[in-house]
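Positions 1 to 469 (this note's numbering) are the ones given, in order, by the first sequence.
Where is the CB? At the ideal position from N, CA and C, for every residue including glycine.
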Amino acid sequence: MATQNVLTPQSEDFPRWYQDVVAKAEMADNGPVRGTMVIRPYGYAIWERIQGEIDARIKEAGAQNAYFPLFIPESYLSKEAEHVEGFSPELAVVTHAGGEELTEPVVVRPTSETVIGEFMAKWIQSYRDLPLLLNQWANVVRWELRPRLFLRSSEFLWQEGHTAHATLEDAAAYAMKIHTEVYEDFLNEVLAVPTFLGIKPPRERFAGARNTMTCEGMMRDGKALQMATSHELGQNFAKAFDIYYQSEEGQAQLCYTTSWGSSTRLVGGLIMAHGDDRGLVLPPRVAPIEVIVISVRDEPGVNDACETVVSQLKAVGVRAQLDRGRGSFGRRVTDWEIKGVPLRVEVGPRDLAEGVVSVVRRDSGDKSTIGVSSVAQEVPALLARIQSDLFQRAKDHRDANTCDVASVAQAIDVAQTGFARLSWDLVGDSEEAELNAQALTIRCLQRGDGSVPESELEPDLLCIVAKAY
RNA sequence: CGGGAAGUAGCGCAGCUUGGUUAGCGCGCCUGGUUUGGGACCAGGAGGCCGCGGGUUCGAAUCCCGCCUUCCCGACCA
Numbered sequence: 001m002a003t004q005n006v007l008t009p010q011s012e013d014f015p016r017w018y019q020d021v022v023a024k025a026e027m028a029d030n031g032p033v034r035g036t037m038v039i040r041p042y043g044y045a046i047w048e049r050i051q052g053e054i055d056a057r058i059k060e061a062g063a064q065n066a067y068f069p070l071f072i073p074e075s076y077l078s079k080e081a082e083h084v085e086g087f088s089p090e091l092a093v094v095t096h097a098g099g100e101e102l103t104e105p106v107v108v109r110p111t112s113e114t115v116i117g118e119f120m121a122k123w124i125q126s127y128r129d130l131p132l133l134l135n136q137w138a139n140v141v142r143w144e145l146r147p148r149l150f151l152r153s154s155e156f157l158w159q160e161g162h163t164a165h166a167t168l169e170d171a172a173a174y175a176m177k178i179h180t181e182v183y184e185d186f187l188n189e190v191l192a193v194p195t196f197l198g199i200k201p202p203r204e205r206f207a208g209a210r211n212t213m214t215c216e217g218m219m220r221d222g223k224a225l226q227m228a229t230s231h232e233l234g235q236n237f238a239k240a241f242d243i244y245y246q247s248e249e250g251q252a253q254l255c256y257t258t259s260w261g262s263s264t265r266l267v268g269g270l271i272m273a274h275g276d277d278r279g280l281v282l283p284p285r286v287a288p289i290e291v292i293v294i295s296v297r298d299e300p301g302v303n304d305a306c307e308t309v310v311s312q313l314k315a316v317g318v319r320a321q322l323d324r325g326r327g328s329f330g331r332r333v334t335d336w337e338i339k340g341v342p343l344r345v346e347v348g349p350r351d352l353a354e355g356v357v358s359v360v361r362r363d364s365g366d367k368s369t370i371g372v373s374s375v376a377q378e379v380p381a382l383l384a385r386i387q388s389d390l391f392q393r394a395k396d397h398r399d400a401n402t403c404d405v406a407s408v409a410q411a412i413d414v415a416q417t418g419f420a421r422l423s424w425d426l427v428g429d430s431e432e433a434e435l436n437a438q439a440l441t442i443r444c445l446q447r448g449d450g451s452v453p454e455s456e457l458e459p460d461l462l463c464i465v466a467k468a469y
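If you want it as structure tokens, here you go:
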């Protein structure tokens, strides 16, 4: 029987394909309140793997986890002028509680610079208290105008790091450290998504920051997605919240702070960076199930062999799960493909008679047989291969769809289907407005060698222009 | 929030123009049986405030008004 489309093909309607995958892979549902999201177990399992990998890197970078309240006094937001201006339009504000009107409304945090700043001021006395390196895993609320599951929901889950330092140089170096050693490393090594690192042009900066860094990934449709961000906040928040320390010389000095975050949007990016017309394609390192072992027939000899294979895989640390045959074989295969399980092991009587099992890669569809006794040896290597092939495939796709251009007009043309890279000198205010009018944005600024500049004023910078999610 | 489209069973849709008995179809779901190497088949069955509220009418899924939600394109954004 011919395989037919279970999902809308990407080429026909990419946004529709995305929604089909989210629904059919059982990742998430819309919540009852506009813009909210119910994350289903399979989607949440992916998020938990993302959390684990990012959390380990954050701790390796020296930050500690803490937790701050969901509710923030409205007055805190107003303490930093740009910050309040940036976030006011999308705040959810609680005016009534306990059956009474509150004397001061409280906002549901859209981000936590303000509360954390308040407590940093309390906790920091001396230069010996610096740097103070904090992170929290939390939910935040931003009343978005156009929500999309995972990519932009009114409430989302994220980690937000907040640090205070004695000097600008130290703060800048730490923000960069997080950007490369946590975010870039995670995106490349775990999500298998190559990214362009750079700084945001002034107009796209975080509200209250003096510099915003970004990791921009390319989706299968050529659009950009900001996958993580790090901000140097200078002394803006330190001034607003009186974050002072006493220096070695006994002087009161203002701190320099940073903040940095990554969210459940990463799940959306993961879907769009690797997925194909058959559904999700998960890199093994984020896959809750790396290997699905399918019994072709629900009969004792086959089932016993399946269990042996699963336990051998688990013994070498592979996340393997058994699908014992209930329902048709084709149906089960299709379901696991939609869910993006990287490797499928098919165990059936014909193969077993020859002492082998069939192994099929989700990413390439390549099918091979391996001896039952060598499964535990060969599968981990195969998974590693899939991981690196997926990264390479994503990189090839990105590079093939990134073009150097010499004018804004060419950039507008190229950025319809990919990234355009051009000299930042060519883009003034009116050119930027021209791009924006075409639904294009400057995703980031880079040096010629692809490294991250310190400011937009450096000479000879390049900018990457694209449509974005 | 502006422009467009749409809300009828879990999902996808027909019916509405021209109001009229018990509102249909496909997939899915349940039961039994036969199946299982790429979305199986047969038989039986369950499941509906036709998005919400109001109006017109003897009578509304159908006509009118308001609202809500979802999707697409913008502005905002992780």
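Less than 8 Å between the beta carbons of F68 and Q136, yes or no? Residue mapping note: residue 68 aligns to position 68 of the first sequence, counting from 1. Residue mapping note: residue 136 aligns to position 136 of the first sequence, counting from 1. Judged by their CB atoms, F68 and Q136 are nearer to each other than the 8 Å cut-off.
Can you tell me which residues form a DSSP beta bridge with Q159? Residue mapping note: residue 159 aligns to position 159 of the first sequence, counting from 1. DSSP, once it has assigned bridges, lists W137, S262 as partnering Q159.
Beta-carbon gap between R344 and R362 smaller than 8 Å: Stepping through the first sequence from its first residue, residue 344 is reached at position 344. Stepping through the first sequence from its first residue, residue 362 is reached at position 362. Closer than 8 Å, so yes.
Is E432 near the ligand MN, judged by its Cβ being under 7 Å from some heavy atom? Of the ligands one can find in the structure shown there are none, so the ligand MN has no counterpart to examine.
Considering only residues of the segment 9-67, which uninterrupted alpha helix (DSSP H) runs meet the minimum length of 4 residues and lie entirely inside it, listed in chain order? DSSP runs (the alpha helix (DSSP H)) wholly in the segment 9-67: 14-24, 41-60.
For D449, collect the residues of the same chain with a Cβ closer than 6 Å to its Cβ; drop the 5 residues on either side in sequence, then sort them by chain order. Here residue 449 corresponds to residue number 449 of the first sequence, with the count starting at 1. Residues of the same chain with their beta carbon placed closer than 6 Å to that of D449 are lacking, with the five preceding and five following residues left out of the count.
Alpha carbon of A256 to alpha carbon of Y42, nearest angstrom: Sequence index remark: in the first sequence, residue 256 carries index 256 (1-based). Sequence index remark: in the first sequence, residue 42 carries index 42 (1-based). For the record, residue 256 in the displayed sequence is Tyr; it is not Ala. Taking the straight line from one Cα to the other gives about 40 Å.
Here's the rule I'm using: 16 or more other beta-carbon atoms within 10 Å means buried, otherwise exposed. How should A134 be labelled? Taking the first residue of the first sequence as position 1, residue 134 is located at position 134. In the sequence as displayed, the identity of residue 134 is Leu instead of Ala. By the Cβ-count criterion, L134 is buried, with 16 or more other Cβ atoms from all chains shown falling within 10 Å of its own Cβ.
Taking 8 Å as the cut-off, does the segment 220-230 touch the segment 271-279 (at least 3 CB pairs, one atom from each stretch)? With the cut-off at 8 Å, the segment 271-279 and the segment 220-230 touch.
Write down the C-beta distance between V298 and R324 rounded to the nearest angstrom, noting that I regard them as a contact closer than 8 Å. Here the question's residue 298 lines up with position 298 in the first sequence. Here the question's residue 324 lines up with position 324 in the first sequence. According to the sequence provided, residue 298 is Asp. The question's Val does not apply to it. Right, their Cβ atoms sit about 6 Å apart.
Using only CA atoms, which one of A381, I39, E454 lies nearest to R148? Position 148 of the first sequence, counting from 1, holds the residue named residue 148. Distance from the Cα of R148 is smallest, within the candidate group A381, I39, E454, for I39.
Tell me the DSSP bridge mates of R297? In the first sequence, the residue the question calls residue 297 occupies position 297. Looking at the DSSP output, R297 sits in no beta bridge, so it has no partner there.
Please report how far the alpha carbon of K395 lies from the alpha carbon of P194, in whole angstroms. Taking the first sequence and counting its residues from 1, one reaches residue 395 at position 395. Taking the first sequence and counting its residues from 1, one reaches residue 194 at position 194. The alpha-carbon atoms of K395 and P194 are separated by roughly 6 Å.
Return helix, strand or coil for P361, following the three-state DSSP convention. Mapped onto the first sequence, residue 361 falls at position 361. With the sequence shown as reference, residue 361 is identified as Arg, and Pro is not the correct amino acid for it. Three-state DSSP puts R361 in a strand.
With A228 as the anchor, note down where its beta strand (DSSP E) starts and where it stops. Within the first sequence, residue 228 is the residue found at index 228, counting from 1. Here the beta strand (DSSP E) through A228 covers 224-232.
Going by beta-carbon coordinates alone, are A175 and M120 separated by less than 8 Å? Your numbering for residue 175 matches position 175 in the first sequence. Your numbering for residue 120 matches position 120 in the first sequence. No; because the gap between Cβ atoms is not below 8 Å, this pair is not in contact.
Contacting residues, own chain, Cβ-Cβ under 6 Å from T441 (five flanking each side not counted): Looking up residue 441 in the first sequence gives position 441. In chain order, A468 place their CB closer than 6 Å to the CB of T441, counting only its own chain and leaving out the 5 sequence neighbours on each side.
Assumed close pair F71, V106 - CB separation to whole angstroms, cut-off 8 Å: Taking the first sequence and counting its residues from 1, one reaches residue 71 at position 71. Taking the first sequence and counting its residues from 1, one reaches residue 106 at position 106. Indeed, because the Cβ distance is near 4 Å, the residues count as touching under 8 Å.
Option in Q159, V108, T114 with minimal Cα separation from S230: Counting from 1 along the first sequence, the entry for residue 230 is found at position 230. Ranked by how close their Cα comes to the Cα of S230, the residues Q159, V108, T114 have Q159 in first place.
Ordered along the chain, which non-local residues of its own chain (more than five positions away) have a Cβ less than 6 Å from that of A411? Start at 1 with the first residue of the first sequence, and residue 411 comes out as number 411. The answer, listed in chain order, is V405, A420, L422, V465.
Buried versus exposed, by CB contacts within 10 Å (16 or more), A437: Counting from 1 along the first sequence, the entry for residue 437 is found at position 437. A437 is exposed by the Cβ-count criterion.
Taking DSSP as the reference, what is the three-state secondary structure of M1? Within the first sequence, residue 1 is the residue found at index 1, counting from 1. Residue placement at M1 is flagged as unreliable, the pLDDT there being 33, under the threshold of 50; a coordinate-derived value is accordingly withheld.
Just verifying my parser: in three-state terms, what is the DSSP assignment at Q235? Residue mapping note: residue 235 aligns to position 235 of the first sequence, counting from 1. It is coil, neither helix nor strand.
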